[in-house]
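Each residue of the sequence shown is one higher than the one before, starting from 1 at the first, in UniProt numbering.
Below is one structure, written out as structure tokens; the observations come after it.
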Amino acid sequence: KKDNGQRRKKSGGPFSRTEQRRKKAQRERERKRRRQERGAAMAGKFVGNNFGQDDVDKLAEFEDKVDKNDKEQMSLLEEMRRHVKKLEDLRKHEDPRLSFSTPEFREAQRIFTDNFKKNFGKPVEWAFVKKHAWSKPQLVKLDKPVDVDGNPWPLDAQGKPILKA
1 KKDNGQRRKK
11 SGGPFSRTEQ
21 RRKKAQRERE
31 RKRRRQERGA
41 AMAGKFVGNN
51 FGQDDVDKLA
61 EFEDKVDKND
71 KEQMSLLEEM
81 RRHVKKLEDL
91 RKHEDPRLSF
101 STPEFREAQR
111 IFTDNFKKNF
121 GKPVEWAFVK
131 KHAWSKPQLV
141 KLDKPVDVDG
151 NPWPLDAQGK
161 PILKA
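Structure follows, in structure tokens:
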């Protein structure tokens with residue numbers, strides 16, 4: 001038979017493209033899983049958001065309900081006590097300023113971002129401007145200052161921008 005200049009496709013085999021793709025996808029999944037485990041281990045170091053009074057209350061509630069004669073329940077209770085004590089010790093020595101997930105940090109970050117978007121209440125005097133639609137933007141000092149929306153900024157008698165106090 002003539003193949004008309006076309007290559008014959010190999011089917012199966014240990015080095016087929018489908019096998020290579022399958023192994024590559026498997027390696028990628030494994031790498032992703034390891035990265036997530038590493039990230040979870042690092043993220044787990046800050047206990048402040050994961051441990052609270054409700055955990056201590058849950059332990060106290062379980063202590064009241066436990067049957068003192070049941071060996072399995074007592075071992076579970078002891079494990080819970082150890083775990084709560086460990087978390088309390090970890091929380092005692094941690095610095096909440098190191099966490100980026102505390103409500104205080106999130107609020108400060110939100111305020112900063114809002115002010116950043118408004119140029120911290122100052123006029124925009126320099127901007128990237130395109131002379132033509134096809135040209136690259138260049139940093140240019142504007143003739144008159146504008147706000148972040150492009151509206152003219154109020155000026156005083158000498159032509160200087162009036163800053164909001």
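Glycine included, every Cβ here is placed at the ideal spot set by N, Cα and C.
Which value, in whole angstroms, describes the spacing of the CA atoms of R21 and F112? What you label residue 21 is simply residue 21 of the sequence shown in a count that begins at 1. What you label residue 112 is simply residue 112 of the sequence shown in a count that begins at 1. Using only the alpha carbons, I get a separation of about 46 Å.
Do P137 and K131 come within 7 Å of each other at the CB atom, strictly closer than that value? Start at 1 with the first residue of the sequence shown, and residue 131 comes out as number 131. Start at 1 with the first residue of the sequence shown, and residue 137 comes out as number 137. Cβ atoms of K131 and P137: not closer than 7 Å.
Along the beta strand (DSSP E) that carries L139, what are the first and last residues, could you check? On the sequence shown, position 139 is the one that residue 139 refers to. Where L139 is concerned, the enclosing beta strand (DSSP E) stretches over 138 to 146.
Using DSSP bridges, identify the partner residues of P161. Locating residue 161 in the sequence shown gives position 161, where the first residue counts as 1. L155, per the DSSP bridge assignment.
Bridge partner(s) assigned by DSSP for V66: For the purposes of this step, residue 66 is taken as the residue at position 66 of the sequence shown. Per DSSP, none; premise fails for V66.
Name the residue from K117, W134, S135, A127 whose alpha carbon lies nearest to the alpha carbon of K144. For the purposes of this step, residue 144 is identified with residue 144 of the sequence shown, where counting begins at 1. Among K117, W134, S135, A127, the Cα nearest to that of K144 is on A127.
N-terminal and C-terminal residue of the alpha helix (DSSP H) that A108 is part of: In the sequence shown, the residue the question calls residue 108 occupies position 108. A108 -> alpha helix (DSSP H) spans 103 to 117.
Whole-number beta carbon distance between V84 and V56, since they are thought to touch under 8 Å: Taking the first residue of the sequence shown as 1, we reach residue 56 at position 56. Taking the first residue of the sequence shown as 1, we reach residue 84 at position 84. Indeed they touch by this definition, with Cβ atoms about 6 Å apart.
In this structure, what does DSSP give as the bridge partners for V124? As a position in the sequence shown, residue 124 is number 124, starting the count at 1. Per DSSP, V146.
Count the other C-beta atoms from every protein chain shown that fall within 10 angstroms of the C-beta of P154, then say buried if there are 16 or more, exposed otherwise. Counting from one through the sequence shown, the residue named residue 154 turns up at place 154. Looking at its Cβ environment, which holds fewer than 16 other Cβ atoms inside 10 Å, P154 is exposed.
Quick one: residues in its chain with C-beta nearer than 6 Å to the C-beta of V140, no 5 flanking neighbours on either side, listed in chain order? Looking up residue 140 in the sequence shown gives position 140. Result list for V140: V129, in chain order.
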